[in-house]
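2 protein chains.
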Amino acid sequence: MPHGHGHRWGQKLSGCGFRLTVGREAIIDVLSRSDKHLSAEDIFLELHADHPGIGLTTIYRTLELLVQTGIVAKFEFGHGRAKYELTEEYGKKKHHHHLFCKSCQTIIDYSDFMEDEITYIKKTEKGLAKKYDFQIDGHIINFYGLCRACRAK
Amino acid sequence: MPHGHGHRWGQKLSGCGFRLTVGREAIIDVLSRSDKHLSAEDIFLELHADHPGIGLTTIYRTLELLVQTGIVAKFEFGHGRAKYELTEEYGKKKHHHHLFCKSCQTIIDYSDFMEDEITYIKKTEKGLAKKYDFQIDGHIINFYGLCRACRAK
DNA sequence: CAGAAAATGAAAATGGTTATCAATAGCAAA
DNA sequence: TTTGCTATTGATAACCATTTTCATTTTCTG
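Those protein sequences? They're chains A and B, same order as listed. Start counting at 1 in the first sequence, then tack on 11, and there's your number in this note's numbering. Start counting at 1 in the second sequence, then tack on 11, and there's your number in this note's numbering.
Right, here's the structure in full:
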C-alpha cells in the first residue's frame, strides 16, 4: 500500500498534494476518537502527552488545512473559540445540528427531525439559489437556549 | 414625556434600570438608519464625525448591553468580526436570515420561504425541547456559498 | 441642585489566532 | 537507499477584535 494511503483522509490529503505527517495523523486521530467538538487547545492538550513536540501553531495550521480539504468542519458558537469535528464524510457521526446552552456552553448534537429539515432546506436552497443567483454550498442551523441544569440554577 | 422615553428602546433601557445617554442614543440611531449589519468599528467610524468623543470601548459596552436587553442582535459569520443589527422588535426589518458569501463576505438578508421555515422550526423546537429538556430561546440559520460576482472570478 | 451610582474614555491587558523564519521531515527521482 | 527539493514544523513574535482597569464625567433621583 502506497505510503500514507491507509485512510480516506490520507488519500484525500495526498491526492490534494499535501504530505502525510505524524502531526496531521495525530490530530485527525484525536478528532476521530472524540465524540465532542474540540477546540484547537483541546486538541493540543489531548496530544501533549504522546506528542509533546506538536505545537499549537501546527494544530491551527492543520485544522485550517483539514477544513479546506473538507475533512474537518469548523464551528463558531459565538463564545470566541472555534470548535472542530470531522465532517460527515470522514467522521462517524451522521448529519446533525447543534443545540447550544448559552449558560454552560454545552453543545448537544441532535439528528432528530432530519426529514423535516431536509425537506425545508432543499426547498429553501433551491429558491434562494435562484432568486439571489447564489451557489449555496452549506448551511448552519443552531438552536440556542438553556439546558435543564442551567435552568435549575 | 418622562426623560428618555421617546422610543421603545428608551423605555426598555430605563425600564431595565439603565440610563439613557447620548452615546447609547447615537449608537442606536446609527443602527436604525442603516440597513446593513454593522461591526463595532463600522459604528465607531460612522459616529466619529458627529460624536468624536465616543470611543470604541463604549460602542462595545453599549452593544453588549443592547444585546442583553434584546434591542440588538449579534451575529458571527466566522470571519472574526461580530456584526450587529436591531432585532425584529426594535428595528424595521422583518424576520429574516442570512446568505453569506464565503469569498467577498457579503451578507444578503432574505425573508423568503418563511412559511416553510416557521413550520419546520416550530416543529423542531418543540421536539428538541421535549427530547433534550432544553428551553429554546432562538435559532440561527445561515446559508453559505458564492455570490454571482465571486463565481465569475 | 446636590449626591450617589452608573457610564465613559484612554490606555493597557487579554486571548484566540496568524505570520515569520530558520530548522526539519516527507517524498519523488535517481 | 540516498539525494535534493519543498512542504511542513516549532518557537516566537505579531495581530487584532474585544475586555478590563480606573480615574473622570454624566445621568438621574431626591
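Glycine included, each C-beta is placed from N, C-alpha and C at the ideal position.
Between B:L56 and A:Q146, the CB-CB gap reaches or exceeds 9 angstroms. In the three-state reduction of the DSSP assignment, A:H18 falls in the coil class. Burial of A:E96 is indicated by the presence of at least 16 other C-beta atoms within 10 angstroms of its C-beta. Only K85, E87 from the segment 59 to 88 of chain A bring a Cβ to less than 8 angstroms from some Cβ of chain B. Boundaries cannot be given for B:H106, as no alpha helix (DSSP H) includes it and DSSP labels it neither H nor E. Below the 8 angstroms Cβ cutoff, chain A contributes I152, N153, F154, Y155 as neighbours of B:H150, in chain order. Of all alpha-carbon atoms in A:C112, A:H108, A:V83, the one lying nearest the alpha-carbon of A:T98 is that of A:V83.
With 16 or more other Cβ atoms from the protein chains shown falling within 10 Å of its own Cβ, A:L110 counts as buried.
In the DSSP annotation of this structure, A:D148 is not part of any alpha helix (DSSP H); the continuous beta strand (DSSP E) holding it starts and ends at 146 to 157. By the CB criterion at 9 angstroms, A:F88 and B:T135 fall outside the cutoff. Within chain B, the residues D127, E128, Y131 have their CB atoms less than 7 angstroms from the CB of A:Y131, given in chain order.
Taking the beta carbon of A:K94 as reference, no residue of chain B falls within 9 angstroms; the closest one sits roughly 11 angstroms away. Proximity of B:L97 to chain A, defined by a Cβ-Cβ separation below 9 angstroms, is not satisfied. The Cβ of B:K142 sits closer than 9 angstroms to at least one Cβ of chain A. Here the alpha carbon of B:K141 sits roughly 32 angstroms from the alpha carbon of B:A93. The beta carbon of B:Q116 is closer than 8 angstroms to those of F88, H90 in its chain, skipping five residues each way along the sequence. Relative to the Cα of A:K105, the nearest Cα in the group A:D53, A:R35, A:M125 belongs to A:M125. The beta carbon of A:C115 does not come within 9 angstroms of any beta carbon belonging to chain B, so the residue lies off that interface. Here DSSP, grouped into helix, strand and coil, assigns A:K134 to helix.
Residue environment: A:H108 is assigned as buried (16 or more neighbouring CB atoms within 10 Å of its CB, all protein chains considered). Taking 9 angstroms as the threshold, the shortest C-beta distance from A:Q146 to chain B falls below it.
Residue pairing of B:E52 in beta bridges, as defined by DSSP: absent, with no partner found. A straight line joining the alpha-carbon of B:L77 with that of A:G138 spans about 33 angstroms. Cβ-Cβ separation between A:A51 and A:L74: approximately 6 angstroms, consistent with a contact (criterion under 8 angstroms). Contact annotation: A:I70 and A:I39 have beta-carbon atoms that are not nearer than 9 angstroms.
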